[in-house]
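Protein chains: 6
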Amino acid sequence: MVYITRREHFNAAHRLFQPDFSEAENLHVFGKCSNPNWHGHNYILHVTVKGHVNPDTGFVVNLKELSQLIRHRVIDKLDHKNINLEVDFMVGRLASTENLAIAIWEELESGILDLGGTLHSIKVEETENNSVIYYGA
Amino acid sequence: MVYITRREHFNAAHRLFQPDFSEAENLHVFGKCSNPNWHGHNYILHVTVKGHVNPDTGFVVNLKELSQLIRHRVIDKLDHKNINLEVDFMVGRLASTENLAIAIWEELESGILDLGGTLHSIKVEETENNSVIYYGA
Amino acid sequence: MVYITRREHFNAAHRLFQPDFSEAENLHVFGKCSNPNWHGHNYILHVTVKGHVNPDTGFVVNLKELSQLIRHRVIDKLDHKNINLEVDFMVGRLASTENLAIAIWEELESGILDLGGTLHSIKVEETENNSVIYYGA
Amino acid sequence: MVYITRREHFNAAHRLFQPDFSEAENLHVFGKCSNPNWHGHNYILHVTVKGHVNPDTGFVVNLKELSQLIRHRVIDKLDHKNINLEVDFMVGRLASTENLAIAIWEELESGILDLGGTLHSIKVEETENNSVIYYGA
Amino acid sequence: MVYITRREHFNAAHRLFQPDFSEAENLHVFGKCSNPNWHGHNYILHVTVKGHVNPDTGFVVNLKELSQLIRHRVIDKLDHKNINLEVDFMVGRLASTENLAIAIWEELESGILDLGGTLHSIKVEETENNSVIYYGA
Amino acid sequence: MVYITRREHFNAAHRLFQPDFSEAENLHVFGKCSNPNWHGHNYILHVTVKGHVNPDTGFVVNLKELSQLIRHRVIDKLDHKNINLEVDFMVGRLASTENLAIAIWEELESGILDLGGTLHSIKVEETENNSVIYYGA
């Protein structure tokens with residue numbers, strides 16, 4: 000079993016807030032991250048796939064195909080977008096890094112099986128100090 | 000003459016658009032950066048100050064004081080904010096990295112003189128691939 | 000289960016030496032790291048916490064609270080300090096990166112439970128080439 | 000149990016191709032990575048060793064000895080070399096990052112036991128976007 | 000006057016050698032960099048353009064156009080190639096980082112004028128420890 | 000004229016203090032950097048040399064020779080040392096990053112002339128947020 004990781008980027012706006020909370024409660028819980036006028040990040044995404052090495056190619060999965068899958072299903076929907084308002088797979092979810100990692104897992108899991116690998120983890124870095132990893136349910 | 004650089008960060012939302020342009024023209028010129036729902040970045044700011052070394056301190060300027068000045072005049076106004084809507088020193092300016100660097104220069108120039116140094120350059124990194132430096136008018 | 004990581008920094012002096020060894024033995028085992036006049040590093044600390052995502056906040060733990068805990072219990076005691084002479088939780092321990100990671104785990108484990116998460120790992124980077132991870136006993 | 004990681008570098012040329020394939024098939028599967036005139040990378044290698052902390056030294060293994068082992072068995076054979084043509088432990092293997100990680104594991108496993116530790120993982124970064132981890136068979 | 004920098008990448012093979020030298024002389028001057036079987040690098044290229052900010056766009060030059068120019072004239076010719084054998088603008092030149100920076104300047108200078116800016120510098124990083132800057136003749 | 004930069008590292012202890020000041024004055028001016036028990040950093044040094052490209056080698060200067068010069072005259076004296084107590088070229092100077100950059104310039108200037116180049120700048124990074132550049136008197 001070998002683990003292979005592809006790194007991709009997206010730049011997006013978001014806001015942390017709970018619609019059931021008052022503005023004061025949102026400010027208390029989320030601080031400056033709840034600014035109603037949005038803020039944003041250069042997010043870094045690491046998709047790790049595990050599998051056996053194909054003896055014909057030396058690959059777990061073809062990284063060009065993996066990159067295309069990630070771009071089609073995830074990056075194109077997030078890059079230069081507002082995560083709260085414009086991303087279909089984030090509708091109804093709080094736009095936290097945790098929820099983003101879980102949602103990206105759900106977008107990629109089946110497609111990676113089609114490429115011949117198994118999704119192992121989704122890592123999302125929101126800033127150079129804050130990051131999240133999700134290994135599936 | 001010695002040059003000293005302080006690095007700071009801010010995370011902000013912005014949008015590139017020219018109010019005199021139609022949406023189609025904005026899209027043509029600015030591409031996905033003109034998304035009306037905003038996007039954002041982890042901006043990195045490098046402030047470089049030049050001066051002679053004070054023999055009593057070994058410093059060009061006191062970096063703690065320089066950092067406080069940058070935070071008070073620049074970072075507190077930009078961090079977790081919408082550059083187009085909420086930043087007093089960007090009112091009436093297109094929110095490009097170029098204009099941001101010029102505006103930050105204007106905010107810091109006099110305060111750095113008060114600290115005993117001379118502002119040499121403002122570098123703003125918008126992404127790991129795109130950055131701007133301004134050395135003054 | 001989601002894993003969230005907070006990165007923090009501290010700059011400290013230390014020295015590797017075993018008080019039961021002669022200077023020659025210390026030099027043989029620890030090389031230049033045993034210099035009696037100390038040397039130092041810009042340490043980078045990664046604290047990883049695991050837990051379920053709170054549906055009200057989208058968080059495993061509140062990163063602002065986690066960062067405050069780490070600063071209060073760990074960074075304030077290590078930053079700009081001599082690890083061998085001044086850090087209460089390193090008394091009687093060799094100041095290796097391994098022991099530092101174990102001691103930081105012990106300082107943070109209970110406080111992270113109070114925040115609603117479970118400490119998963121402590122990673123300490125001593126230089127860009129040398130790092131240690133501890134997952135608990 | 001503590002995990003310690005040593006980072007090393009090597010710069011090498013390689014080419015992805017399957018001798019059983021035609022040039023057209025190689026181009027289809029490996030794309031520009033199959034260029035017959037070679038291309039190359041600044042590879043980054045992370046060797047992670049696990050073990051108990053020796054109370055006399057505070058170490059899992061002595062990093063100076065670990066670094067010498069890695070250099071002697073791996074780096075000296077790969078650095079400024081052609082991976083397809085000149086590296087004894089890659090003979091008969093496709094020069095993919097996956098196979099490189101597996102081969103480096105085999106070169107280091109026994110030597111690390113001799114140092115008193117257990118090899119935990121080999122991570123090879125081919126570019127800042129592509130990397131592989133191997134944890135053994 | 001504002002300075003804007005675009006960062007791009009290419010992975011290539013090369014070899015340092017002087018055809019007028021014997022193999023022994025090449026080995027003496029260039030060391031392991033003269034390996035006849037090639038080695039390679041992940042090169043990082045920084046193209047810095049200076050100019051006045053266009054009041055209609057907030058740009059010195061349009062970074063999308065600058066990136067396309069760099070890719071068309073430079074990256075597509077170098078990426079996954081052998082610098083000594085396959086790059087038209089390096090024919091007859093020793094494949095050092097210095098000569099690469101000069102040659103890339105010559106490829107880009109006129110095209111950047113067409114974009115409305117002036118080429119200020121070409122920086123080529125061969126490794127994280129070795130880099131070259133060229134500001135023109 | 001081409002500019003070539005070599006990056007090197009050293010890990011050292013230091014303390015900012017002015018022997019003419021009282022402890023209270025030192026604490027006021029230098030803050031936690033004046034801790035009498037020392038602290039330390041992973042310093043990064045960038046030495047930039049300018050010159051014409053030698054047509055026989057493609058080099059401004061031979062980087063292997065430049066690296067050896069820097070190691071012999073600078074790194075060996077600073078690495079794993081106490082800058083205030085053990086470094087001959089820092090005797091009688093406040094151990095600030097500014098003074099360190101100036102002193103390293105003085106150590107290297109003549110030796111770089113002997114290699115056929117001209118020293119252009121010394122950059123010392125004390126932390127990822129604080130750095131100094133010196134271009135000579």
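Chains as they are written, first to last, in numbering that gives the first Met the number 0: chain A, 0 to 136; chain B, 0 to 136; chain C, 0 to 136; chain D, 0 to 136; chain E, 0 to 136; chain F, 0 to 136.
Even glycine gets a Cβ: it sits at the ideal position worked out from N, Cα and C.
Please read these numbers as outputs of a predicted model, since none were measured by experiment.
Notebook entry, point to check: Could you check where the beta strand (DSSP E) with Gly50 (chain F) kicks off and where it finishes?
Noted result: 38-50
Notebook entry, point to check: Looking only at C-alpha atoms, which of B:Ser33, B:Val52, B:Lys122, B:Leu26 sits nearest to Gly116 (chain B)?
Noted result: B:Val52
Next item on the list: Mind reading off the beta-carbon distance from Leu15 (chain E) to Cys32 (chain E)? Whole number of angstroms is fine, and I expect it under 8 Å.
Entry: 4 Å
Checklist line | Close beta carbons around Glu64 (chain E), own chain, < 8 Å, minus the five adjacent residues each side | finding: Contacts found: Leu114.
Next item on the list: Assign Val90 (chain F) to buried or exposed, taking buried as 16 or more other Cβ atoms, counted over all protein chains shown, within 10 Å of its Cβ.
Entry: exposed
Next item on the list: Give me the Cα-Cα distance between Gly110 (chain A) and Leu68 (chain A), rounded to the nearest whole angstrom.
Entry: 7 Å
Next item on the list: Within its chain, find whatever has a CB closer than 8 Å to the CB of Thr126 (chain A); leave out the 5 residues flanking it on each side and keep chain order.
Entry: His40
Notebook entry, point to check: Cα-Cα, which of E:Lys49, E:Phe9, E:Lys80 is closest to Met0 (chain E)?
Noted result: Comparing Cα positions, the closest option is E:Lys49.
Check: If you draw a straight line from the alpha carbon of Asp55 (chain C) to that of Glu22 (chain A), how long is it in whole angstroms?
Finding: 14 Å
Note to self: According to DSSP, is His27 (chain F) part of a helix, a strand, or is it coil?
What the structure shows: helix
Next item on the list: Would you check if the distance between the CB atom of Glu108 (chain E) and the CB atom of Leu99 (chain E) is smaller than 8 Å?
Entry: no
Note to self: Can you find the residues in the same chain that come closer than 6 Å, C-beta to C-beta, to Glu7 (chain E), ignoring five residues on each side of it along the sequence?
What the structure shows: Leu44, Ile69, Ile74
Checklist line | Uninterrupted alpha helix (DSSP H) stretches inside the segment 62-136 of chain F (no shorter than 4 residues) | finding: 62-69, 82-85, 96-113
Check: Do you know how far the Cα of Ser95 (chain F) is from the Cα of Asn61 (chain F)?
Finding: 31 Å
Margin query: For Ile101 (chain A), which residues in the same chain have their Cβ closer than 7 Å to its Cβ, ignoring the five residues on either side in sequence?
Written below: Listed in chain order, the non-local C-beta contacts of Ile101 (chain A) below 7 Å within the same chain comprise Tyr133, local neighbours out to five positions each way being set aside.
Checklist line | Test: Val52 (chain A) CB closer than 8 Å to a CB of chain D | finding: yes
Check: Cα separation between Pro18 (chain E) and Ser120 (chain A)?
Finding: 50 Å
Item checked: Among A:Ile3, A:Pro35, A:Ser66, nearest to Gly57 (chain A) - alpha-carbon criterion -> A:Ile3
Check: Between the segment 120-131 of chain A and chain C, which residues of the former have a C-beta closer than 7 Å to a C-beta of the latter?
Finding: Glu127, Asn128, Asn129, Ser130, Val131
Note to self: Using a Cβ-Cβ distance cut-off of 8 Å, determine whether Glu97 (chain B) contacts chain E.
What the structure shows: yes
Checklist line | Residues, ordered as in the chain, of the segment 19-42 of chain D that lie near chain A by beta-carbon distance below 7 Å | finding: Val28, Gly30
Notebook entry, point to check: For Arg5 (chain A), which residues in chain D fall below 7 Å Cβ to Cβ?
Noted result: Asn128, Asn129
Notebook entry, point to check: Would Ala12 (chain E) pass as a contact of His27 (chain D) if the rule is Cβ separation under 8 Å?
Noted result: no
Margin query: Just to check my reading of the structure: Arg5 (chain A) and Asn83 (chain D) have Cβ atoms closer than 8 Å, yes? What is that Cβ distance to the nearest angstrom?
Written below: Actually they are not in contact, since the Cβ atoms of Arg5 (chain A) and Asn83 (chain D) sit about 24 Å apart, beyond 8 Å.
Check: Roughly how many angstroms lie between the CA atoms of Leu112 (chain A) and Glu97 (chain D), to the nearest whole one?
Finding: Linking Leu112 (chain A) to Glu97 (chain D) through their CA atoms gives a straight-line distance of about 19 Å.
Notebook entry, point to check: Could one say the Cβ of Asn61 (chain D) lies closer than 8 Å to chain H's Cβ atoms, at least one of them?
Noted result: In the structure shown, chain H cannot be found, because the protein chains are A, B, C, D, E and F.
Next item on the list: Please report the residue range of the beta strand (DSSP E) in which Thr4 (chain F) lies.
Entry: 1-13
Check: Using the beta-carbon of each residue, which ones in chain C are nearer than 7 Å to Glu85 (chain F)?
Finding: Asn36
Next item on the list: Starting from the beta carbon of Val90 (chain E), find every residue of chain B whose beta carbon is closer than 7 Å, and list them in chain order.
Entry: Near Val90 (chain E) there are no residues of chain B at all, since even the closest Cβ is about 29 Å away, more than 7 Å.
Next item on the list: Could you tell me whether any Cβ in chain A is nearer than 8 Å to the Cβ of His45 (chain B)?
Entry: no
Margin query: By alpha-carbon positions, which one of F:Gly30, F:Asn25, F:His79 ends up nearest to Asp78 (chain C)?
Written below: F:Gly30
Item checked: Nearest-angstrom Cα separation, counted from Arg92 (chain B) out to Pro35 (chain D) -> Those two C-alpha atoms are separated by around 52 Å.
Next item on the list: Check whether the Cβ of His151 (chain D) lies closer than 8 Å to any Cβ atom in chain E.
Entry: Chain D is shown from 0 up to 136; residue 151 (chain D) falls before or after that span and cannot be answered.
Note to self: Under 8 Å, Cβ to Cβ, is there at least one residue of chain D near Lys80 (chain E)?
What the structure shows: yes
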